[in-house]
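Here the sequence shown stands for residues 23 to 364, numbered as in the working numbering. One structure is given below, encoded as structure tokens.
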Amino acid sequence: MKLLIASLLGGTNIGGAFFKAAKSLNLNLSFFDIQSAYTAPKWLQRINWHLRGKYPSKLESLSQKLVWECENLKPDLLISTGITPINQKALLQLDRMGIKKINFLTDDPWNPAHYAPWFLKAFPHYDIIFSPRRANLNELVQAGCHNVEYLPFGFDRELFYPEEFINSETRLQYSCDVVFAGGGDRDRLEYMSALINSGINVNLYGGYWDCYPETKAYSGGIADVRTLRLAIASAKIALCLVRKANRDGNCMRTFEVPAIGACMLTEDTPEHREIFGEEGEAVLYFQTIPEMLEKVRWLLNHDTERQRLAQNAHSLIFQGKHTYKDRLESMLSLTEKLLFKK
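Structure follows, in structure tokens:
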């Protein structure tokens, strides 16, 4: 099977993780970089983003460039990730060329922060949509998608793993009671404020935490991957919050935190319980802010339990089939079954 991945490379981009995984599987592989889709003068970017529904400035030209690439490469399968800037017209052209198309839909397309009318017209033309959120499954079917499958997030084993050695100076730099790595969404502010007001030493990484007076002093900014590993490994507890606006039941940190080897306190969702089992087996769960505070205090006072939970969660994630290589193999296996029947 000839495979073409259309996504972004670098950082923690899932498309990049799929690309590395496909290379390790020795697949007949090509990559189409979508980075240029949003390239335009600032004023035009703002108009397209705010007035035209998150419209990529070069959606039309990039989509046609992809079609030309497919005419040249003749792939059997196109994989894209998230709200990829490929328009409806291009997907229909690929369909006429006999190219199958699948998407790992990393974001909720009905989240107002991501709502893009051009994408809502495009995604029903994928042959399979894989979604890491169950809240979207029926909606995607009702929107016209032919095949919709649940597939959780995962982790990139080349990026998220335990640091073999952290010197005392570095550990002191990142040391804290609770670390949270994720965007400063407004509905997350009350969680961090509650921790801070309770006298708990907090480190925050991600966009917008420096915009709130309550959290500005605790913000470490947007961290690169190595900083994330060091920060998560050096904290006593790593907090995992799903993104409510995305209606997530699991998220990227669900897998990345235990892969690094940290003790995780996570929001209680059915998906998290499917992954980690009952309370106290590998993680602790919470549903409310008071419950979060209670369990943070308990964990801070029980070093041995923190270490046990961290080890159990790490073994479960690191030894289980939760890498993006595993996810890609699952996608390809189902694609073969559904789309390439002989």
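Where is the CB? At the ideal position from N, CA and C, for every residue including glycine. Source: prediction; values computed, not measured.
{"query": "With a Cβ-Cβ cutoff of 8 angstroms, do Lys123 and Asp98 count as a contact?", "result": "no"}
{"query": "Considering Cα atoms alone, identify which of Leu127, Leu315, Leu47, Leu49 is closest to Cys273.", "result": "Leu127"}
{"query": "Quick one: complete beta strand (DSSP E) runs, 3+ long, within the segment 57-127?", "result": "99-103, 122-126"}
{"query": "Please decide whether Gly38 counts as near chain B, where near means a Cβ-Cβ distance under 8 angstroms.", "result": "The chain labelled as chain B is not found in the depicted structure, where only one protein chain is given."}
{"query": "Cα separation between Glu171 and Thr103?", "result": "14 angstroms"}
{"query": "By Cβ distance, which residues of its chain are closer than 7 angstroms to Val279, with the 5 residues on each side in sequence left out?", "result": "Ile254, Ala260, Cys262, Met286"}
{"query": "Around the Cβ of Cys233, are there at least 16 other Cβ atoms within 10 angstroms (buried) or fewer (exposed)?", "result": "exposed"}
{"query": "Could you spell out where the alpha helix (DSSP H) holding Ile244 opens and where it closes?", "result": "No alpha helix (DSSP H) holds Ile244; DSSP gives it neither H nor E."}
{"query": "Ser220 lies in the alpha helix (DSSP H); which residues open and close that run?", "result": "Per DSSP, Ser220 belongs to no alpha helix (DSSP H) and is neither H nor E."}
{"query": "Can at least three beta-carbon pairs, one atom from the segment 332-351 and one from the segment 155-172, be found at a separation below 8 angstroms?", "result": "no"}
{"query": "Applying the 10 Å Cβ sphere with the 16-neighbour rule, what's the burial state of Lys258?", "result": "buried"}
{"query": "Suppose contacts are defined by Cβ-Cβ distances below 8 angstroms. Is Leu26 in contact with Leu100 by that definition?", "result": "yes"}
{"query": "Inspect the beta-carbon positions of Phe54 and Glu91 and report whether they are closer than 8 angstroms.", "result": "yes"}
{"query": "If we require 3 or more residues per run, which beta strand (DSSP E) segments fall completely within the segment 225-309?", "result": "257-262, 286-289, 306-308"}
{"query": "Beta-carbon within less than 7 angstroms of Ala304's beta-carbon, same chain only, minus the 5 sequence neighbours each way: which residues are those?", "result": "Phe298, Leu331, Asn334, Ala335, Leu338"}
{"query": "With which residues is Lys24 paired in a DSSP beta bridge?", "result": "Asn50"}
{"query": "If you draw a straight line from the alpha carbon of Tyr77 to that of Tyr137, how long is it in whole angstroms?", "result": "10 angstroms"}
{"query": "Going by beta-carbon coordinates alone, are Ala216 and Leu315 separated by less than 8 angstroms?", "result": "yes"}
{"query": "What span of residues does the alpha helix (DSSP H) with Phe141 cover, start to end?", "result": "139-144"}
{"query": "Excluding five sequence neighbours on each side, which residues of the same chain lie with their C-beta closer than 7 angstroms to the C-beta of Phe141?", "result": "Ile105, Pro131"}
{"query": "Less than 8 angstroms separating the beta-carbons of Gly206 and Thr237?", "result": "yes"}
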